[in-house]
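Undergrad: Got a structure here, written out as structure tokens. Questions coming.
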Amino acid sequence: MRLFDSSKRRMVDFVPLKEGEVRIYVCGPTVYDDAHLGHARSAIVFDLLRRTLEALGYRVIFMKNFTDIDDKIIKKVKESGRSLEEITTHYIRRYLEDMEALGVLRPHIEPKATESLDAIFHMIQRLLEEGIAYRTEKGDIYFDTSKDRAYCSLSHRCDEESLSRIEPDPLKRNPADFALWKGCKGEGDICFDSPFGPGRPGWHIECSAMIQKYLAYKEGPYQIDIHGGGADLLFPHHENEAAQTRSACSRELASYWLHNGFVTISGEKMSKSLGNSFFVKDALKVYDGEVLRFYLLSTHYRADLNFNEEDLVASKKRLDKLYRLKKRIYGVSPSSVNPTLRDEVLSALQDDLNISRALAVLDEMVKRGNEMLDRNPKERGVKRELAANIEFISQLLGVGGRDPYSYFQIGVDEESRARIEALIEERSRAKRERNFEVADRIREELKEMGIAIMDTPQGTVWEKI
RNA sequence: GGCGCCAUAGCCAAGUGGCUAAGGCAGGGGCCUGCAAAGCCCUGAUCCCCGGUUCGAAUCCGGGUGGCGCCUCCA
């Protein structure tokens, strides 16, 4: 497997720290609001990475955190009058629902920052002992970036010109220094007891501490294999994570750093501060989760994806074709996946998750499958292999695993269904009587209801348009 | 200002030194069909511009132009 490593800024061969096993950490959401499409994309691309590694035979341990203590959450607590726990529990549940709708496999480990305070204390303590962290008069504890020789080796973005943009803070020794612990601001602040007095952790420390606690190998130059997250986290978040672990544990956090591109709207990054966020829950009202997943998956993970409905529809049509093929082989039991298909898809994904190449192989399989079935519709061996191919694909990409008939009838209620089927029956009768005028009128009527029908040797089937 | 990324057909998008530049959507033509739909076949590219390196460049180098990101919370 080849991956683009952000730290080295080039493509590298992936070699796991322990043979046959891969440990991955991905930065999860701060749970103060619903997930938007950017969160969805990040989750989906790293889910693809996980599935690919699993398909290659690795035992994967996948971890994703919930940041459940943070300025924005506290702000929400104050505004809403609800408790911190109420809010974070709510948004964690919402996140998990969204992820499930998008076919994202549940991580093996899902720690929360507030449940990892012991590990956080421990790491801060170490940094204080080593003289790398310092306290300020306000009760905050900062990380002294000048004490870490390798600081900036990940993001390569800490030249003076850049750092001069950071708002100066007289309490900090260096501009890039960041808070490990924020002392309690008094009345109204949400604070935890700690060996350093009441307060709460800084944003970056939780990841380093939780990785060490839950996921890290105990020995070796690196703690875990892969650390992933959105490209906006590279600096300062990941740089700081790396610095903390390096300084507290005397080794590197991850041997590979991966970053996904943004979801943009009209070419601009989707973000809550820009107010152009598109929430997953809202998208799911209009588009099926699987279609959304397929769309977000179909652009290479490092490139930006400019969200628009036209491309999403094109993506849906591409997925439709897979499901139509699946209809044609309905009910047959799968034999074994075509080895060439398997190799080609996996070798594409092994090339830094080249999804475009993988999907081109998939399209080719669909086309050739249809062609073979056109020529010989009864060929059982072909059908069984196609069934196996589709099963393989659906495992790997997380799309195409559904019942093909229900896929085309998503969102149609029982009442409409009965009406549609009655109309189709009426039309079939008309057709038998060669009353094509009536038959065509019924087709039109169905079309107006948003239903397309198609006559097949097995009878008339319908799809929601 | 610093550090980066990107620019391939109407749209999305692979390809990063060498046969006719993948694939999908849309469009056009055909086969099939009572008519359709679906499916299949055929059909589309001065690879942003200008220089350079090379026998040969979308692909490498230099310079432009345009777009975007990080440096502040961010997936």
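Residue 189 in my numbering is what sits at position 189 of the first sequence, and the numbering runs on without skipping anything. Note that CB positions come from ideal geometry on N, CA and C, so glycine has one too.
#1: Is the segment 137–150 in contact with the segment 173–184, if contact means three or more CB pairs nearer than 8 angstroms?
#2: Assign ILE132 to buried or exposed, taking buried as 16 or more other Cβ atoms, counted over all protein chains shown, within 10 Å of its Cβ.
#3: Give me the residue from TYR217, SER277, HIS259, LYS281 with the minimum Cα distance to ARG251.
#4: Does DSSP put PHE392 in a helix, in a strand, or in coil?
#5: In three-state DSSP terms, what is PHE14?
#6: When the Cα atoms are used, what is the spatial distance from ILE211 to ASN389?
#7: Mind pulling the alpha helix (DSSP H) runs of 4 or more residues that sit fully within the segment 400–460?
#8: What are the residues that DSSP puts in a beta bridge with ASP351?
#9: In terms of DSSP beta bridges, what is PHE66 paired with?
#10: With the cut-off set at 9 angstroms, would you say GLY289 and GLY103 are in Cβ contact?
#11: Can you tell me the Cα-Cα spacing of ASP33 and TYR91, whole angstroms?
#12: Please list the terminal residues of the continuous beta strand (DSSP E) segment that includes THR264.
#13: Considering Cα atoms alone, identify which of LYS147, ARG357, ILE87, PHE66 is closest to SER247.
#14: With ASN306 as the anchor, note down where its beta strand (DSSP E) starts and where it stops.
#15: How would you write the range of the alpha helix (DSSP H) that SER162 sits in, first residue to last?
#16: Contact between the segment 12–28 and the segment 274–287 is defined here as three or more beta-carbon pairs at a separation below 8 angstroms; is this criterion met?
#17: Is the segment 183–202 close to the segment 164–174, with three or more CB pairs under 8 angstroms?
#18: Smallest Cα separation from THR136: which of ASP177, LEU305, ASP351, LEU446?
#19: Rounded C-beta distance between GLY28 and PHE66? I'm assuming under 8 angstroms.
#20: Can you list, in chain order, the residues of its chain with a C-beta nearer than 6 angstroms to that of LYS112? Leave out the 5 residues immediately preceding and following it.
#21: Under the rule that 16 or more other beta-carbon atoms within 10 Å means buried, what is THR30, buried or exposed?
#22: Are GLU239 and ARG157 close, meaning C-beta to C-beta below 9 angstroms?
#23: Near ALA452, which residues of its chain fall below 7 angstroms by C-beta distance, leaving aside the five closest residues on each side in sequence?
#24: Under a Cβ-count criterion, where at least 16 other Cβ atoms within 10 Å of its own Cβ denotes burial, should LYS317 be classed as buried or exposed?
#25: Can you find the residues in the same chain that come closer than 6 angstroms, C-beta to C-beta, to ARG328, ignoring five residues on each side of it along the sequence?
#26: Could you pull out every residue in the same chain whose Cβ sits closer than 7 angstroms to the Cβ of GLU54, ignoring the five residues on either side in sequence?
#27: What residues in its chain sit with their C-beta under 6 angstroms from that of TYR295, if we drop five residues either side in the sequence?
#28: Alpha carbon to alpha carbon, how far is ILE44 from ARG434?
#29: For SER298, collect the residues of the same chain with a Cβ closer than 7 angstroms to its Cβ; drop the 5 residues on either side in sequence, then sort them by chain order.
#30: Please go through the same chain and pick out, in chain order, the residues whose beta-carbon is closer than 6 angstroms to the beta-carbon of CYS152, but skip the five residues on each side of it.
#31: Helix, strand or coil: which one does DSSP assign to THR299?
#32: Sorted by chain position, which residues of the same chain lie with C-beta nearer than 6 angstroms to VAL345's C-beta, five sequence neighbours on each side aside?
#33: Looking only at its own chain, which residues have a Cβ that is under 7 angstroms from the Cβ of ALA283, when we skip the five neighbours before and after it?
#34: Answer with buried or exposed for VAL15, where buried requires no fewer than 16 other C-beta atoms within 10 angstroms of its C-beta.
#35: Three or more beta-carbon pairs under 8 angstroms between the segment 383–403 and the segment 320–336, yes or no?
#36: Restricting to Cα atoms, I'd like to know which of LEU154, LYS281, ASN306 is closest to THR245.
TA: Put simply:
#1: yes
#2: The residue given as residue 132 occupies position 132 in the first sequence. Its Cβ being crowded by 16 or more others within 10 Å, ILE132 is buried.
#3: The residue you call residue 251 lines up with position 251 of the first sequence. The shortest Cα separation from ARG251 among TYR217, SER277, HIS259, LYS281 belongs to TYR217.
#4: Reading the first sequence from its first residue, position 392 is the one you call residue 392. Helix, per DSSP.
#5: Residue mapping note: residue 14 aligns to position 14 of the first sequence, counting from 1. Residue state, collapsed to three classes: coil.
#6: On the first sequence, position 211 is the one that residue 211 refers to. On the first sequence, position 389 is the one that residue 389 refers to. The straight-line gap from Cα to Cα measures roughly 37 angstroms.
#7: 404–407, 414–432, 436–448
#8: Taking the first sequence and counting its residues from 1, one reaches residue 351 at position 351. The partner list for ASP351 (beta bridge, DSSP) reads ARG2.
#9: For the purposes of this step, residue 66 is identified with residue 66 of the first sequence, where counting begins at 1. Per DSSP, LYS112.
#10: In the first sequence, counting from the first residue as 1, residue 289 sits at position 289. In the first sequence, counting from the first residue as 1, residue 103 sits at position 103. Yes. Within cutoff.
#11: By 1-based counting over the first sequence, the position of residue 33 is 33. By 1-based counting over the first sequence, the position of residue 91 is 91. Spanning the two alpha carbons is a distance of roughly 6 angstroms.
#12: Within the first sequence, residue 264 is the residue found at index 264, counting from 1. Here the beta strand (DSSP E) through THR264 covers 263–265.
#13: Numbered from 1 along the first sequence, position 247 holds the residue referred to as residue 247. Taking only the C-alpha atoms, the option nearest SER247 is LYS147.
#14: Here residue 306 refers to the residue found at position 306 when the first sequence is read from its first residue. Counting along the chain, the beta strand (DSSP E) containing ASN306 begins and ends at 305–307.
#15: The count along the first sequence starts at 1 and reaches residue 162 at position 162. Note, SER162: alpha helix (DSSP H), 160–163.
#16: no
#17: no
#18: Mapped onto the first sequence, residue 136 falls at position 136. The option with the nearest alpha carbon to THR136 is ASP177.
#19: By 1-based counting over the first sequence, the position of residue 28 is 28. By 1-based counting over the first sequence, the position of residue 66 is 66. The pair is a contact, with the Cβ atoms about 5 angstroms apart (cut-off 8 angstroms).
#20: Numbered from 1 along the first sequence, position 112 holds the residue referred to as residue 112. Within the same chain, LYS112 has close Cβ partners PHE66, ASP68.
#21: Walking along the first sequence from the start, residue 30 turns up at place 30. Buried is the call here.
#22: The residue you call residue 239 lines up with position 239 of the first sequence. The residue you call residue 157 lines up with position 157 of the first sequence. Yes; because the gap between Cβ atoms is below 9 angstroms, this pair is in contact.
#23: For this step, residue 452 is matched to residue 452 along the first sequence. Excluding sequence neighbours, ALA452 sits near TRP462, GLU463, ILE465.
#24: Taking the first residue of the first sequence as 1, we reach residue 317 at position 317. Exposed, because fewer than 16 other Cβ atoms sit within 10 Å of the Cβ of LYS317.
#25: Taking the first sequence and counting its residues from 1, one reaches residue 328 at position 328. Contacts found: LEU373.
#26: Position 54 of the first sequence holds residue 54. Here the set comprises VAL60.
#27: Start at 1 with the first residue of the first sequence, and residue 295 comes out as number 295. Cβ neighbours of TYR295 beyond the five flanking positions: LEU312, SER315.
#28: Within the first sequence, numbered from 1, the residue matching residue 44 stands at position 44. Within the first sequence, numbered from 1, the residue matching residue 434 stands at position 434. Approximately 51 angstroms between the Cα atoms of the pair.
#29: Mapped onto the first sequence, residue 298 falls at position 298. Excluding positions up to five away in sequence, the list reads SER315, ILE355, LEU359.
#30: Mapped onto the first sequence, residue 152 falls at position 152. Correct list, in chain order: CYS158.
#31: The residue given as residue 299 occupies position 299 in the first sequence. In the structure shown, THR299 sits in coil (DSSP, three-state: anything other than H, G, I, E or B).
#32: To locate residue 345, count along the first sequence from 1; it is residue 345. Closer than 6 angstroms at Cβ, skipping near neighbours: ALA358, VAL361.
#33: Here residue 283 corresponds to residue number 283 of the first sequence, with the count starting at 1. Counting only Cβ-Cβ distances below 7 angstroms, and skipping sequence neighbours, we find LEU37, LEU292.
#34: Position 15 of the first sequence holds residue 15. Result: exposed.
#35: yes
#36: Within the first sequence, numbered from 1, the residue matching residue 245 stands at position 245. If we check each option's Cα against that of THR245, LEU154 comes out closest.
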